[in-house]
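S.K.:
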Amino acid sequence: MATTVDVRVLDQGSLLPERPTGIASWPRAVLTFARRKPLGALGGLLVVGMLLIAIFVDTALIGGSRPLIAPDGYNHQHIHDVNQGLSIGHPMGTDELGRDIFSRVLYGARISAVIGLSAVTIATIISLLLGTMSGYFKGWIDTTVQRFIDVILSIPGLILLIFAISVFAGRSGPYMRMLWIIVILGFLVAAAAVRVVRSAAIATANNQYVDAARTIGASDARIILRHLLPNVMPVAIVLATVNVGGIILVEAAISFLGYGIPSPFPSWGGMLNISGSSQFRVEPLQALWPGLAIALTVYGFNMFGDALRDVLDPRLRGGR
Amino acid sequence: MRQYILRRLVLAVPTLIGVSIVIFSLLHVLPGDLVQQLAGDNKVTPEFRAKTEHDLGIDGPKFPINFVGAAPFVEFHKDNQYTHWLKGVLTLDFGLSLRDRTPIAHHLRNTLPVTMEMAILALMISLLIAVPVGIISAMRQDTVIDYVARSISIGFLAVPTFWLGTMIIVYSSLWFTAATPVPQQYAQIWEDPYANLKFLIFPFGGFVPVGPSVLLGVSLSGTVMRLMRTQMLEVLRQDYVRTAWAKGLRERTVVINHCVKNALIPVVTVVGLQVPILVGGSVIVESIFNVPGMGQWFFQSIGFRDYTAVQAIAFISALAVVFSNLLVDITYAYLDPRIRYG
């Protein structure tokens, strides 16, 4: 009869192949992502490539300082090969001090990566902290935080950033200056990010399971940590990815203006420095490479972030 | 409507007060001694110090309320630097520039109109690019046109403005060898409208639009283009648009009369919110093209540590941001009745 159930089939458990869990499931997830979001995968590839270059450009990871991927040190001058064109030895030529531009561009990835990732870490921690609290507690905490952010966002970012760097790091050495840039950028980016995290937190806090948790006596801290944070996390991750690109762009802009990473260090923006424009008129190709590196990196982070947004956070799909 | 505008206006006041406190405080956390810094390596006599501090308005207590270690923990000062500065700001008297001891208001009169003109032109150019391209991109969704437009708009978001500017300067001086790269003489629009507009849009002669306003406009257009496209896509799927098609209206009528108007509403918001980016961009673009506007003045003032000028510029640009936000709110309420009566 048609209604008979074949017990043997049920006994075999799921007919689907067993799906790996944990780390073993990542390759499949990456493949699915690449198939569904080819542009996002390209962005991810650019990001991973940039990070790998940043890590392995020299042997700093094992405590050395010898160039590893880069053919040359970032400040090594070939005094007899100034302003060379493209060649096998110098794929992007040499600059006016005889330094290999290709090596400097590769080293620039490290500066951009360090600044981008550290600043975004600061921004994410602050925005998660303030955003969830602001969205959860509402009332005077929310009002105070939001008014303060109104104030910070009213002053155009680049103006406030350069002003603050000049005030705090005006007299610092290159490493302290970099630290200040990271901290200030982190705080400024956090101001905008708090808004986004807050609205995600409010949306989550309106769910019934949050009310339910409160009814059974969960503390505020527990609700925030166990219920709000996991739901806000995808939004924060997407935002952080896109923000890394933005931070790299801004760092390049202030280094271009001469207020960022100081000169011997190969920051992409610094290599394009405004005072060098007469040099570039003679050697236009020298201005091409660092800009290309910035554009590719930022494009990578933007595309990767966009695709992540579609995958992780369906609510934001189709937004800007 | 009037009540709505009033409410917005009142809300802007605490923001501006907060801005003034932040900007004022930034100068006063400055490590080191401002007077010594101005004097360079010269020895500072007490008389010189007193006079300079008085000239710059940095003598006496800083804030009207000071917190102190001993009871009653709070001190009140009627005569203090902050209120003094704020009073000056309200009467458009920003004090003296640290660099050359000329009134900042004088510099402001010269530079602000330049930047405003450049920024307005840039906004217009960005809309001229973004709106039509966004509309076409949405109407021909998932065609080659759409892909090209979207790739370019995302490209604009990734390519740094300052790099594009440098490339323009570098390559046009190679290609237009006859043309002077960037005129050293800047003519205000009321002095010589033709020369002024030519410089901001076609600085290298011919009809090659690579001027500072165009660069700024192009860098803004990416965001607007993407938003315009998504908004159009949303509106195109609405029931009333289907009705319009079903009535047999021409494509032009449907798109322009029924869709674009509604799709533009959120775009207005975003355009208004781009003012901070516009101000930041003007610092870069003006420095590259040597435009004597507020951005270049800011760039130079920071270089000379002319902090009174920097304060004034920061405050004026914050004022522009708050004002444009206000304008956005009002326009939004005007365009979308749901906000007004909500």
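First to last, the sequence lines map onto chains A and B. Under the working numbering, the first sequence has 72 at position 72, and the numbering climbs by one with no breaks. Under the working numbering, the second sequence has 1194 at position 194, and the numbering climbs by one with no breaks. Each residue gets a CB set at the ideal place from its N, CA and C atoms; glycine is no exception.
So what does DSSP say about ILE1065/B, is it helix, strand or coil?
M.R.: Reduced to three states, the DSSP call for ILE1065/B is strand.
S.K.: When the Cα of ASN1196/B is compared with those of THR1115/B, ARG1252/B and VAL1133/B, which residue comes out closest?
M.R.: That would be THR1115/B, whose Cα lies nearest to the Cα of ASN1196/B.
S.K.: Verify the CB distance criterion: does ASP150/A have a CB-CB separation below 8 Å to chain B?
M.R.: So yes, ASP150/A belongs to the interface.
S.K.: Is ALA1105/B near the ligand ZN, going by C-beta to nearest heavy atom under 7 Å?
M.R.: The model depicted lacks the ligand ZN and carries no ligand whatsoever.
S.K.: THR1166/B touches chain A at which residues, Cβ-Cβ below 9 Å?
M.R.: Within 9 Å Cβ-Cβ: PHE256, LEU272, ILE274, GLY276, SER277, PHE280, ALA287 and GLY291.
S.K.: Report yes if the C-beta distance between ILE53/A and GLN286/A is below 8 Å; otherwise report no.
M.R.: No, Cβ-Cβ distance for ILE53/A and GLN286/A is not below 8 Å.
S.K.: Alpha carbon to alpha carbon, how far is ASN1325/B from LEU1009/B?
M.R.: Distance between the alpha carbons of ASN1325/B and LEU1009/B: 10 Å.
S.K.: Once the 5 residues before and after LEU1027/B are set aside, which same chain residues still bring their CB inside 7 Å of it?
M.R.: Same-chain partners within the cutoff: TYR1307 and GLN1311.
S.K.: Thinking ARG1224/B and VAL1285/B are a contact (beta carbons under 8 Å), I'd like their distance in whole angstroms, please.
M.R.: Note that residue 1224/B is Val in the sequence shown here, rather than Arg. The Cβ separation is near 18 Å, so there is no contact.
S.K.: Taking only beta-carbon positions, decide if PHE163/A is within less than 8 Å of chain B.
M.R.: Output row for PHE163/A: interface = yes.
S.K.: Using the three-state DSSP reduction, which class does PHE148/A fall into: helix, strand or coil?
M.R.: Looking at PHE148/A - three-state DSSP - the assignment turns out to be helix.
S.K.: TYR299/A CB to nearest chain B CB: under 8 Å?
M.R.: Judged by the 8 Å Cβ criterion, TYR299/A is in contact with chain B.
S.K.: What runs of the alpha helix (DSSP H), each 4 residues or longer, lie entirely inside the region 1140 to 1193 of chain B?
M.R.: Here the runs fully enclosed are 1144 to 1158 and 1161 to 1175.
S.K.: Does ARG147/A get closer than 8 Å to chain E when you measure Cβ to Cβ?
M.R.: In the displayed structure, chain E is absent; the protein chains listed are A and B.
S.K.: Quick check: is the beta carbon of TYR1171/B nearer than 8 Å to any beta carbon in chain A?
M.R.: Yes, because at least one Cβ of chain A sits closer than 8 Å to the Cβ of TYR1171/B.
S.K.: If we call anything under 8 Å between Cβ atoms a contact, is LEU229/A one with ALA205/A?
M.R.: Cβ distance not < 8 Å, so LEU229/A and ALA205/A don't count as in contact.
S.K.: Mapping DSSP to helix, strand and coil, what is LEU1096/B?
M.R.: Strand at LEU1096/B.
S.K.: If I follow the unbroken beta strand (DSSP E) through GLU283/A, where does it start and stop?
M.R.: Per DSSP, GLU283/A belongs to no beta strand (DSSP E) and is neither H nor E.
S.K.: So ALA1314/B contacts chain A; which residues on that side make the cut at Cβ distance below 9 Å?
M.R.: Ordered by position in chain A, the residues that pass the 9 Å Cβ test against ALA1314/B are ILE155, PRO156, ILE159, LEU160 and PHE163.
S.K.: With a cut-off of 8 Å on the beta carbons, I'd call LEU1327/B and GLY1272/B a contact; round off their distance for me.
M.R.: Sure, about 6 Å apart at Cβ, within 8 Å.
S.K.: Residues of chain B with CB closer than 7 Å to the CB of LEU249/A, please, in chain order.
M.R.: Residues of chain B passing the Cβ test: PRO1160.
S.K.: Going along chain A, which residues have a C-beta under 9 Å from PHE1094/B?
M.R.: Ordered by position in chain A, no residue passes the 9 Å Cβ test against PHE1094/B, which lies about 15 Å from the chain.
S.K.: I'd like to know whether the C-beta atoms of ILE1120/B and VAL1218/B end up nearer to each other than 8 Å.
M.R.: The answer is no: Cβ separation not under 8 Å.
S.K.: Can you pull the chain A residues whose beta carbon is under 7 Å from the beta carbon of LEU979/B, in chain order?
M.R.: In the structure as shown, chain B starts at 1001 and stops at 1342, and residue 979/B therefore has no counterpart that could be examined.
S.K.: With three or more beta-carbon pairs closer than 8 Å as the criterion, would you say the region 269 to 286 of chain A touches the region 227 to 247 of chain A?
M.R.: Cβ pair count under 8 Å is below three, so no.
S.K.: Please identify, using Cβ separations under 7 Å, the residues of the region 1258 to 1285 of chain B that lie next to chain A, in order along the chain.
M.R.: So the close ones are PRO1276, VAL1279, GLY1280, VAL1283 and ILE1284.
S.K.: Consider the Cβ of ILE1104/B: report whether some Cβ of chain A lies at a distance smaller than 8 Å.
M.R.: Answer no: the Cβ-Cβ gap between ILE1104/B and chain A never drops below 8 Å.
S.K.: Below 9 Å on C-beta distance, what does GLY1018/B contact in chain A?
M.R.: The contacting residues are ARG147, PHE148, ASP150, VAL151, ILE152 and SER154.
S.K.: For PRO1160/B and VAL210/A, what's the separation of their Cα atoms in angstroms?
M.R.: Their backbone Cα atoms lie some 44 Å apart in a straight line.
S.K.: Of all the residues that make up the region 1131 to 1156 of chain B, which are near chain A by a beta-carbon distance shorter than 8 Å?
M.R.: Per Cβ criterion, the list reads ILE1154 and GLY1155.
S.K.: Just to confirm my understanding: we take GLU96/A, look at its own chain, exclude 5 residues before and 5 after, and list those with CB closer than 7 Å. What are they?
M.R.: Here the set comprises VAL82, ASN83 and GLN279.
S.K.: Using beta carbons (cut-off 8 Å, strictly below), is PRO1014/B in contact with chain A?
M.R.: So, interface residue.
S.K.: Relative to the C-alpha of LEU185/A, which residue among VAL238/A, GLY260/A and THR143/A is closest?
M.R.: Closest by alpha carbon: GLY260/A.
S.K.: Since I believe TRP1297/B is in contact with THR1015/B (beta carbons under 8 Å), could you give me their beta-carbon distance rounded to a whole number of angstroms?
M.R.: Rounded, the Cβ-Cβ distance is 24 Å, inconsistent with contact.
S.K.: Chain B beta carbons: is any one of them nearer than 8 Å to that of ALA295/A?
M.R.: Interface residue, yes.
S.K.: I'd like to know whether the C-beta atoms of ILE1330/B and ILE1023/B end up nearer to each other than 8 Å.
M.R.: No, these two residues do not count as a Cβ contact at 8 Å.
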